[in-house]
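In the working numbering, the protein residues as written are -18 to 189.
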């Protein structure tokens, strides 16, 4: 009875409500989820949202892995169509969220981008997770127009070069985490020494 009451309450709410477990599996959703994604109830819980390195990993750098859990009885075209629909909805939510953040407190958002730029230029110790998150903020700055779009490929490359395995491969040796943090910071510091400075004037142009 309590589960039925919970569903009755959540289904009456127009907002999207869902519960995701530690493995990134959506275990519960309300009716708004079904309407928004245009999906049958039994297919929505078939997708999982995980971190960059799959199950159990966190979403460092705001990079997510979206995977399909149920494929039995579905054609390849049906699976691709369903995942494409999910991705399009996620992209739309992301763009809407960015607009709302800029409208509500553009200064706070751009401050994060500016601070990320400063840390990447001057830091001497950077963990893998921190580097990924800082690079993600720079990539957001590119999306917002604070950096030229031509810089995007550089950031995408640095996402890879900042990984522990890549650092050790380049240095031709095995290093402790603390040593890798020093190497990572030096690599990013060198790259950002000549990186284009952020231009936040676009926000004033848009308002005028």
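Virtual Cβ for every residue (Gly too), placed ideally from N, Cα, C. Predicted model, so just to flag it, every value in this text is computed and none were measured.
Span of the alpha helix (DSSP H) around residue i
i: residue 97; result: 57 to 103
i: residue 158; result: 158 to 173
i: residue 140; result: 133 to 142
i: residue 178; result: Where residue 178 is concerned, there is no enclosing alpha helix (DSSP H), given that its DSSP letter is neither H nor E.
i: residue 122; result: 109 to 125
i: residue 145; result: 145 to 152
Residue-chain proximity (residue i, chain C), Cβ-Cβ < 8 Å
i: residue 97; result: As a matter of chain content, chain C is missing from the structure shown, which is built from one protein chain.
Own chain residues within Cβ distance below 8 Å of residue i, not counting five before or after
i: residue 102; result: 170, 173, 174 and 176
i: residue 163; result: 105 and 106
i: residue 124; result: 79
Cβ neighbours of residue i in the same chain (closer than 7 Å, five flanking residues each side left out)
i: residue 100; result: 115
i: residue 93; result: 118
i: residue 139; result: 116, 169 and 172
i: residue 34; result: Only weak support is given to the placement of residue 34: the predicted model assigns it a pLDDT of 46, under 50, and the value that follows is read from those uncertain coordinates. The answer is none, since no qualifying residue turns up.
Nearest-angstrom Cα separation, counted from residue j out to residue i
i: residue 152; j: residue 161; result: 10 Å
i: residue 112; j: residue 122; result: 15 Å
i: residue 87; j: residue 71; result: 22 Å
i: residue 66; j: residue 130; result: 26 Å
i: residue 134; j: residue 120; result: 10 Å
i: residue 157; j: residue 127; result: 36 Å
i: residue 182; j: residue 95; result: 13 Å
i: residue 166; j: residue 148; result: 11 Å
i: residue 132; j: residue 80; result: 22 Å
i: residue -7; j: residue 62; result: 29 Å
i: residue 85; j: residue 146; result: 40 Å
i: residue -14; j: residue 12; result: 14 Å
i: residue 154; j: residue 68; result: 39 Å
i: residue 73; j: residue 142; result: 30 Å
i: residue 137; j: residue -10; result: 43 Å
6 Å Cβ shell around residue i - same chain, five flanking residues per side excluded
i: residue 98; result: 179
Test item: CB-CB of residue i and residue j under 8 Å
i: residue 90; j: residue 83; result: yes
i: residue 144; j: residue 109; result: yes
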